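Undergrad:
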């Protein structure tokens with residue numbers, strides 16, 4: 036852990052939170068929302084904490100790929116809701132993005148002024164180049180955990196932490212904005228959190244999501260305890276003080292974790308508008 040982070044982690048919490056909130060007040064609030072392309076996934080074995088796996092057990096309609104029409108309808112909802120940024124998730128389809136995904140990205144750009152971020156896991160350089168040509172503004176790829184051992188515990192299959200770092204670095208080199216972060220509250224140490232923040236700063240991310248671990252029903256990790264909200268907010272506040280430039284995203288705009296996100300200095304929020312088109 037470098038000396039700057041050491042000093043921040045040792046700050047009295049009220050001082051740390053106050054400084055984080057002062058920085059957040061200087062930044063524009065950013066509201067983001069997903070426009071799902073494909074809820075299928077090729078990761079084997081499946082991630083042990085996968086919320087999509089949980090969704091599929093209670094909602095059979097969550098399975099499968101969205102049509103272009105469905106993506107366009109969702110875009111209309113997000114525009115009406117005043118969303119600033121859309122991220123377009125898909126379960127991991129391997130290192131090459133399916134060709135028709137590019138048309139989906141083009142559609143959102145053609146029908147809105149929202150920033151568009153891809154979210155397809157670790158992918159190769161050619162796919163990133165094609166996404167940029169399609170109009171994509173940036174790429175979102177979380178680290179999950181900066182600790183490789185912890186990463187493998189809840190993500191035993193699919194892409195690796197090294198793959199994800201390659202993807203982020205490549206997207207940055209190609210002139211795209213990058214957005215990344217990690218989960219807090221799943222057995223990591225303060226050193227692990229510091230390592231994650233050092234990685235994000237070295238990447239020079241444009242946005243960061245420091246999110247609380249939340250166990251979902253019908254997953255392998257449903258018995259695990261959720262993140263302590265105070266400790267999560269504390270790591271967020273350290274991130275905000277350590278990296279003043281990026282937009283810092285909290286978990287939601289409502290619910291249990293919302294106020295803790297404000298406490299930690301977030302200026303970005305996830306929303307899920309329910310609006311008839």
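In the numbering used here, the protein residues as written are 36 to 312. Cβ atoms here follow ideal geometry from the backbone N, Cα and C, with glycine treated the same way. As the structure is a prediction and not an experimental result, all values here were calculated from the model.
1. Please report the straight-line C-alpha distance between residue 270 and residue 237, rounded to a whole angstrom.
2. Where does residue 245 fall in DSSP's three states?
3. Does the beta carbon of residue 78 fall short of 7 Å from some heavy atom of the ligand GTP?
4. By DSSP, does residue 36 sit in helix, in strand, or in coil?
5. How would you call residue 298, buried or exposed, if buried means at least 16 neighbouring beta carbons within 10 angstroms?
6. Alpha carbon to alpha carbon, how far is residue 40 from residue 132?
7. Which of helix, strand or coil does DSSP assign to residue 109?
8. DSSP beta-bridge partners for residue 214?
9. Rounded to whole angstroms, how far is the Cβ of residue 180 from the Cβ of residue 218, which I believe are closer than 8 Å?
10. Could you check the C-alpha separation between residue 86 and residue 241 for me, to the nearest Å?
11. In chain order, what residues of the same chain have a beta carbon less than 8 Å from the beta carbon of residue 142, not counting five sequence neighbours either side?
12. So residue 256 packs on residue 189, CB below 8 Å; how close in whole Å?
13. Out of 293, 82, 70, 112, point me to the one whose CA is closest to residue 101's CA.
14. Under the DSSP definition of a beta bridge, which residues are partnered with residue 29?
15. Leaving out five residues before and five after residue 81 in sequence, what residues of the same chain have Cβ atoms less than 8 Å from its Cβ?
16. Name the DSSP bridge partner or partners of residue 282?
17. Which word fits residue 99, buried or exposed, when buried means at least 16 other C-beta atoms lie within 10 angstroms of its C-beta?
18. Would you check if the segment 122-132 and the segment 40-49 touch, i.e. whether three or more CB-CB distances between them fall below 8 Å?
19. Tell me residue 122's beta-bridge partners as DSSP assigns them.
TA: Quick answer:
1. 18 Å
2. strand
3. Ligands are entirely absent from the displayed structure, and the ligand GTP is therefore not among its contents.
4. coil
5. buried
6. 37 Å
7. helix
8. 175, 242
9. 6 Å
10. 26 Å
11. 103, 106, 107, 110
12. 6 Å
13. 70
14. Nothing in the structure corresponds to residue 29, since the chain is present only between 36 and 312.
15. 88, 192
16. 242
17. exposed
18. no
19. 69, 152
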